[in-house]
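Peer 1: One structure, as structure tokens, below. Some questions next.
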Amino acid sequence: MTTGDTVTPVTTDHRLTGVPVWADRIANRDLDLAPRTETSGGRVAYDFPGVEVGVAEYAEGPTGTTVLHIPAGARLAIDARGGAIGLSSGFEYFAHAICLTGGSVYGLSAGSGVADELRARGGNRGAVDDLKLVSTAVIYDFSARDNAIFPDAALGRAAIRAAEHGSVPVGRVGAGASASAGKVSYARTELTGQGAAFGRAGRVRVLVITVVNPVGVIVDRDGEVIRGNYDAATGRRTRLEPDYLAALERAQRPTSERGNTTITAVVTNVRLSDRELVHFGRQVHSSMNRAIQPFHTALDGDTLFALTTDEVDLDPRDAAESADDPITAIAVGALASELAWDAVLRAAR
Amino acid sequence: MPLYDDSLPHRLTPPPFWGDRIGNDDIELVPAHTAGRAEVAFDFPGVAVGTAEYLEGPTGATVISIPAGARTSVDARGGAIGIIGRYEDLNHAICFAGGSSYGLAAATGVGEELLARTGNRVGWQDLRSASGAVIYDLAARHTGIVPDAALGRAALVAAREDVIPVGRVGAGIAASAGKIDLARCEFTGQGAAFRQIGPVRLLVVTVVNPVGVIVDRDGTVIRGNYDRDTGERRLPVVDYEAALLAGEAPITSAGNTTVTAVITNVKLDDKELRLFGRQVHSSMNRAIQPFHTNHDGDTLFALTTDEVALPAAGSTRLGEQAVNSIALGAIASELAWDAVLASAR
Chain E
14 MTTGDTVTPV
24 TTDHRLTGVP
34 VWADRIANRD
44 LDLAPRTETS
54 GGRVAYDFPG
64 VEVGVAEYAE
74 GPTGTTVLHI
84 PAGARLAIDA
94 RGGAIGLSSG
104 FEYFAHAICL
114 TGGSVYGLSA
124 GSGVADELRA
134 RGGNRGAVDD
144 LKLVSTAVIY
154 DFSARDNAIF
164 PDAALGRAAI
174 RAAEHGSVPV
184 GRVGAGASAS
194 AGKVSYARTE
204 LTGQGAAFGR
214 AGRVRVLVIT
224 VVNPVGVIVD
234 RDGEVIRGNY
244 DAATGRRTRL
254 EPDYLAALER
264 AQRPTSERGN
274 TTITAVVTNV
284 RLSDRELVHF
294 GRQVHSSMNR
304 AIQPFHTALD
314 GDTLFALTTD
324 EVDLDPRDAA
334 ESADDPITAI
344 AVGALASELA
354 WDAVLRAAR
Chain G
21 MPLYDDSLPH
31 RLTPPPFWGD
41 RIGNDDIELV
51 PAHTAGRAEV
61 AFDFPGVAVG
71 TAEYLEGPTG
81 ATVISIPAGA
91 RTSVDARGGA
101 IGIIGRYEDL
111 NHAICFAGGS
121 SYGLAAATGV
131 GEELLARTGN
141 RVGWQDLRSA
151 SGAVIYDLAA
161 RHTGIVPDAA
171 LGRAALVAAR
181 EDVIPVGRVG
191 AGIAASAGKI
201 DLARCEFTGQ
211 GAAFRQIGPV
221 RLLVVTVVNP
231 VGVIVDRDGT
241 VIRGNYDRDT
251 GERRLPVVDY
261 EAALLAGEAP
271 ITSAGNTTVT
281 AVITNVKLDD
291 KELRLFGRQV
301 HSSMNRAIQP
311 FHTNHDGDTL
321 FALTTDEVAL
331 PAAGSTRLGE
341 QAVNSIALGA
351 IASELAWDAV
361 LASAR
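If you read the sequences in order, they're chains E and G. Read in order, the letters of the first sequence are residues 14 to 362 in this note's numbering. Read in order, the letters of the second sequence are residues 21 to 365 in this note's numbering.
Next up, the structure:
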């Protein structure tokens, strides 16, 4: 059996997380936490009217939250495909905001803060059509730090208050503040972060935001592993398969650490039928297997939110017969898949 | 407004109000713990149930606490599901709440309290999982107050191992049924039922807020779709048939959902647990008609503490020993009917 092992260069330029200690920790109630919404790192510019992005962090974690806000709302399809999913959804088919957050199961609190803010802005109205809908997904980021601080409702509220149009901060920011990849063992795990990419083709717009925290490694288009499973002794990164193969050949149990998950939002303005939106999301999510290897494992909670603002009909036939003519969704999905790869790489660099 | 007015022949909800409302940011809210209409006694070591309400809503939360954790299967079958966590391995608590999508916050308060109780340990095996599901209760009241993290936490802290209040209490304090027209909708609430058979224990907790009406075992509609003119309740199918005969679009209000937990101590494998939950959930179609509609977010959590091994019977060469879960499901289905009736009386 071969594993398609790509030679990766020797480097001392790593970003190892270190090995966590599993003892009692401090958490939110032990500190006076103040959300930080200013970021100083890189940003990915985008031009998608009606779509806002905000981040907020507790520097003491560090951990954080990223909010994609679409004030007019967008139709939603959720593709949840890992084995350890942490998800909260007020409604599965429509959302005004997507909240991506650290803090594992406890980070779902951040999404409730986003909903609190939107509800208050809407006058606390109670009709079904007035509900402000938020869907949230979390990553496990406790292994890359030594405290149990989690994104709470106040942090989620700060993130949506900071949301604006025009650019997405990338790197170790927002929900990606303590994200990491390549977890054959924590001793070889490297920090990653949050990535984003925007594409425009004619009237078609696509924005991808991803928080990259997989058991797998990050792979560039030339096959090089650029983050994760870094061996400090050799200075090389490798994919996980050589480790798994070596273990199986020695009749040993392969190892990998728990506590992973990559969460992604992809939003387009192309009008898609329900079925097209589902398959658009599925196509993009699957494509990310090129950038993250392995992906969608039992140890990941990989979830993708596919959204459309339904603003652009590519031609009249699409509007009338879209359910039977899914080519548009496939094409936009292919474009979005390249953006998703760009976004993953941006998260890890 | 009092929760019950027994001088009336009905329990109609007030006319809805769709303007701006007061919300949680506007007033100081303190969790209350109301008694309910009645109590259901239970004896299930390792399982506790707590309720808390904001009477200003009114709205509330109900928490089922299983500190040692219970394996879970989620059967989410309505068209308008509001769910948080949805963990399919272990759950340490299930939180039901009013407030529609906003009420998901209550479960986060449960999770935060469970985290604190572990000494903030966050290794993978130390994580405490609180899943939750919500009902839309905003048509039956005039405030925008919703269950928040503090209310969920209060319900967990108040959890008891002996009785569960039923009626207009906890997550069911503003639940209602029979919503062909909101003018014919009646308050229901939270229900529960418990049974012990030898070492086998079964507990059902449900918050009953369906489009449909509540039906007793003799076929009587006991709550919902109440016609003020005739003083009668009827099955929604009667209204739907009449509308279709008249060439009109049938009407039904959006904003519903029945959420249920069924907990046993019998060891079940993953498939048995899933089908046990599905069987019980489907059976509730007898007590709630119609059920699992596009306007409901009906969700059932089936949990087992995996403590009691029943003698295997009916196993096949495919390795299935499903008979135990079928029998268990049949008994739990009767408890679910009892629980629905208890919510509505």
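In this text, a Cβ means the ideal position worked out from N, Cα and C, and glycines have one as well. Computed from a prediction, not measured in an experiment: that's the story for all the values here.
For S191 of chain E, I'd like the list of residues in its chain whose CB is within less than 7 Å of its CB, leaving aside the five on either flank, ordered along the chain.
Peer 2: In the first sequence, the residue the question calls residue 191 of chain E occupies position 178. Only G74, P75, T76, G115, D154, A157, R158 meet the Cβ criterion.
Peer 1: Using the Cβ count rule (16 or more neighbours within 10 Å means buried), how would you classify G123 of chain G?
Peer 2: Taking the second sequence and counting its residues from 1, the one referred to as residue 123 of chain G is at position 103. That one is buried.
Peer 1: So the alpha helix (DSSP H) R359 of chain E belongs to, where does it begin and stop?
Peer 2: On the first sequence, residue 359 of chain E is found 346 positions in, with the first residue counted as 1. From DSSP, the alpha helix (DSSP H) with R359 of chain E extends over 340 to 361.
Peer 1: Am I right that V228 of chain E and S193 of chain E are in contact with their C-beta atoms under 8 Å? What's the rounded C-beta distance?
Peer 2: Locating residue 228 of chain E in the first sequence gives position 215, counting from the first residue. Locating residue 193 of chain E in the first sequence gives position 180, counting from the first residue. The Cβ separation is near 10 Å, so there is no contact.
Peer 1: With 16 as the cutoff for other CB atoms within 10 Å, does H109 of chain E come out buried or exposed?
Peer 2: Taking the first sequence and counting its residues from 1, one reaches residue 109 of chain E at position 96. Its Cβ being crowded by 16 or more others within 10 Å, H109 of chain E is buried.
Peer 1: For my contact list, V343 of chain G and L320 of chain G are in at a C-beta cut-off of 8 Å; report their separation, rounded to the angstrom.
Peer 2: The sequence position of residue 343 of chain G within the second sequence is 323, counting from 1. The sequence position of residue 320 of chain G within the second sequence is 300, counting from 1. Contact doesn't hold; Cβ gap of about 21 Å is too wide.
Peer 1: How about N137 of chain E: is its C-beta nearer than 8 Å to some C-beta of chain A?
Peer 2: Of the chains in the structure shown, none is chain A; the protein chains are E and G.
Peer 1: Just the Cα atoms here: how many angstroms apart are L320 of chain E and A347 of chain E?
Peer 2: Translated into the one-based positions of the first sequence, residue 320 of chain E becomes position 307. Translated into the one-based positions of the first sequence, residue 347 of chain E becomes position 334. Their Cα atoms are separated by approximately 15 Å.
Peer 1: Just checking R359 of chain E against the ligand ZN - is the residue's beta carbon closer than 7 Å to any of the ligand's heavy atoms?
Peer 2: In the structure shown, the ligand ZN is absent, as is every other ligand, since no ligand is present at all.
Peer 1: Which residue from E:G272, E:A356, E:D256 puts its Cα closest to that of G95 of chain E?
Peer 2: Taking the first residue of the first sequence as 1, we reach residue 95 of chain E at position 82. Nearest option by C-alpha distance: E:G272.
Peer 1: Quick check for students: name the residue ranges of the beta strand (DSSP E) that lie wholly in the segment 281 to 337 of chain G, counting only runs of 3 or more.
Peer 2: At a cut-off of 3 residues, the continuous stretches assigned as beta strand (DSSP E) that sit fully inside the segment 281 to 337 of chain G are 319 to 328.
Peer 1: Report yes if the CB atom of Y198 of chain G is closer than 8 Å to the CB atom of F104 of chain E, and no otherwise.
Peer 2: Residue numbering aside, residue 198 of chain G sits at position 178 when the second sequence is read from its first letter. Residue numbering aside, residue 104 of chain E sits at position 91 when the first sequence is read from its first letter. Correcting the residue type first, residue 198 of chain G is Gly in the shown sequence and not Tyr. With respect to F104 of chain E, G198 of chain G sits apart: the two C-beta atoms are not nearer than 8 Å.
Peer 1: At the 8 Å Cβ level, is T324 of chain G part of the contact set with chain E, yes or no?
Peer 2: Stepping through the second sequence from its first residue, residue 324 of chain G is reached at position 304. Taking Cβ atoms only, chain E never reaches closer than 8 Å to T324 of chain G, which makes this a no.
Peer 1: Between which two residues does the alpha helix (DSSP H) containing P353 of chain G stretch?
Peer 2: For the purposes of this step, residue 353 of chain G is taken as residue 333 along the second sequence, with counting starting at 1. In the sequence on display, residue 353 of chain G carries Ser and not Pro. Counting along the chain, the alpha helix (DSSP H) containing S353 of chain G begins and ends at 343 to 364.
Peer 1: Return helix, strand or coil for N242 of chain E, following the three-state DSSP convention.
Peer 2: In the first sequence, counting from the first residue as 1, residue 242 of chain E sits at position 229. Coil at N242 of chain E, not helix or strand.
Peer 1: If you measure from the beta carbon of G232 of chain G to each beta carbon in chain E, is any gap under 8 Å?
Peer 2: The residue you call residue 232 of chain G lines up with position 212 of the second sequence. Not one chain E Cβ lies under 8 Å of G232 of chain G.
Peer 1: Grab me the residues of P35 of chain G's own chain with a C-beta within less than 6 Å of its C-beta, minus the 5 sequence neighbours each way, in chain order.
Peer 2: For the purposes of this step, residue 35 of chain G is taken as the residue at position 15 of the second sequence. Closer than 6 Å at the Cβ level, and outside the excluded window around P35 of chain G, lies no residue.
Peer 1: Given that a residue counts as buried once 16 or more other Cβ atoms are within 10 Å of its Cβ, and exposed if not, what is A216 of chain E?
Peer 2: Working through the first sequence from its first residue, we reach residue 216 of chain E at position 203. What sits at residue 216 of chain E in the sequence shown is Arg, not Ala. Exposed, since its Cβ has fewer than 16 Cβ neighbours within 10 Å.
Peer 1: What's the gap between the Cα of P255 of chain E and the Cα of W354 of chain E?
Peer 2: Residue mapping note: residue 255 of chain E aligns to position 242 of the first sequence, counting from 1. Residue mapping note: residue 354 of chain E aligns to position 341 of the first sequence, counting from 1. Answer to the nearest angstrom: the Cα atoms are 23 Å apart.
Peer 1: Need the endpoints of the alpha helix (DSSP H) that Y260 of chain G sits in, please.
Peer 2: Numbered from its first residue, the second sequence carries residue 260 of chain G at position 240. Taken as a continuous stretch (DSSP letters only), the alpha helix (DSSP H) holding Y260 of chain G covers 256 to 265.
Peer 1: Assuming A126 of chain G contacts G172 of chain G (C-beta within less than 8 Å), just tell me the rounded distance between them.
Peer 2: Translated into positions along the second sequence, residue 126 of chain G becomes position 106. Translated into positions along the second sequence, residue 172 of chain G becomes position 152. Rounded, the Cβ-Cβ distance is 3 Å, consistent with contact.
Peer 1: Compute the Euclidean distance between the alpha carbons of G169 of chain E and H82 of chain E, then round it to the nearest angstrom.
Peer 2: The count along the first sequence starts at 1 and reaches residue 169 of chain E at position 156. The count along the first sequence starts at 1 and reaches residue 82 of chain E at position 69. Each residue's Cα considered, the two are about 12 Å apart.
Peer 1: Could you tell me the alpha carbon to alpha carbon distance between T310 of chain E and T138 of chain G, rounded to whole angstroms?
Peer 2: For this step, residue 310 of chain E is matched to residue 297 along the first sequence. For this step, residue 138 of chain G is matched to residue 118 along the second sequence. Taking the straight line joining both Cα atoms gives about 28 Å.
Peer 1: Rounded to a whole number of angstroms, what is the C-alpha to C-alpha distance between L288 of chain G and P219 of chain G?
Peer 2: Here residue 288 of chain G refers to the residue found at position 268 of the second sequence. Here residue 219 of chain G refers to the residue found at position 199 of the second sequence. The alpha-carbon atoms of L288 of chain G and P219 of chain G are separated by roughly 15 Å.
Peer 1: Does chain G have any CB closer than 8 Å to the CB of F155 of chain E?
Peer 2: The residue given as residue 155 of chain E occupies position 142 in the first sequence. So, interface residue.
Peer 1: Starting from I184 of chain G, trace the beta strand (DSSP E) in both directions and tell me its first and last residue.
Peer 2: Within the second sequence, residue 184 of chain G is the residue found at index 164, counting from 1. Here the beta strand (DSSP E) through I184 of chain G covers 183 to 186.
Peer 1: Compare the C-beta of V367 of chain G with all C-beta atoms of chain E and state if any pair is closer than 8 Å.
Peer 2: The first residue shown for chain G is 21 and the last is 365, placing residue 367 of chain G beyond what the model contains.
Peer 1: Give the straight-line distance between the Cα atoms of R234 of chain E and I308 of chain G, rounded to the nearest whole angstrom.
Peer 2: Counting from one through the first sequence, the residue named residue 234 of chain E turns up at place 221. Counting from one through the second sequence, the residue named residue 308 of chain G turns up at place 288. One C-alpha to the other measures close to 55 Å.
Peer 1: Could you tell me whether any Cβ in chain E is nearer than 8 Å to the Cβ of I86 of chain G?
Peer 2: Within the second sequence, the letter at position 66 stands for residue 86 of chain G. So no, I86 of chain G is outside the interface.
Peer 1: Which class does P34 of chain G belong to by DSSP, given the choice of helix, strand or coil?
Peer 2: Within the second sequence, residue 34 of chain G is the residue found at index 14, counting from 1. P34 of chain G: coil per DSSP, three-state reduction.
Peer 1: Leaving out five residues before and five after A342 of chain E in sequence, what residues of the same chain have Cβ atoms less than 7 Å from its Cβ?
Peer 2: Taking the first sequence and counting its residues from 1, the one referred to as residue 342 of chain E is at position 329. Within the same chain, A342 of chain E has close Cβ partners L285, E289, H292, F293.
Peer 1: Using the beta-carbon count (16 or more within 10 Å), is V282 of chain G buried or exposed?
Peer 2: Taking the second sequence and counting its residues from 1, the one referred to as residue 282 of chain G is at position 262. Buried, because 16 or more other Cβ atoms sit within 10 Å of the Cβ of V282 of chain G.
Peer 1: From T21 of chain E to N242 of chain E, what distance separates their C-alpha atoms?
Peer 2: For the purposes of this step, residue 21 of chain E is taken as the residue at position 8 of the first sequence. For the purposes of this step, residue 242 of chain E is taken as the residue at position 229 of the first sequence. Going by the C-alpha atoms only, they are around 12 Å apart.
Peer 1: Which partner residues does A90 of chain E have in the DSSP bridge list?
Peer 2: In the first sequence, residue 90 of chain E corresponds to position 77, counting from 1. Note: A90 of chain E is bridge-paired with E:A319 in the DSSP secondary-structure output.
Peer 1: Taking the alpha-carbon positions, what's the T71 of chain G to V186 of chain G distance?
Peer 2: Here residue 71 of chain G corresponds to residue number 51 of the second sequence, with the count starting at 1. Here residue 186 of chain G corresponds to residue number 166 of the second sequence, with the count starting at 1. Going from the Cα of T71 of chain G to the Cα of V186 of chain G covers about 10 Å.
Peer 1: Reducing DSSP to helix, strand and coil, say where G135 of chain E ends up.
Peer 2: Translated into the one-based positions of the first sequence, residue 135 of chain E becomes position 122. In the displayed model, G135 of chain E falls within coil according to three-state DSSP, outside both helix and strand.
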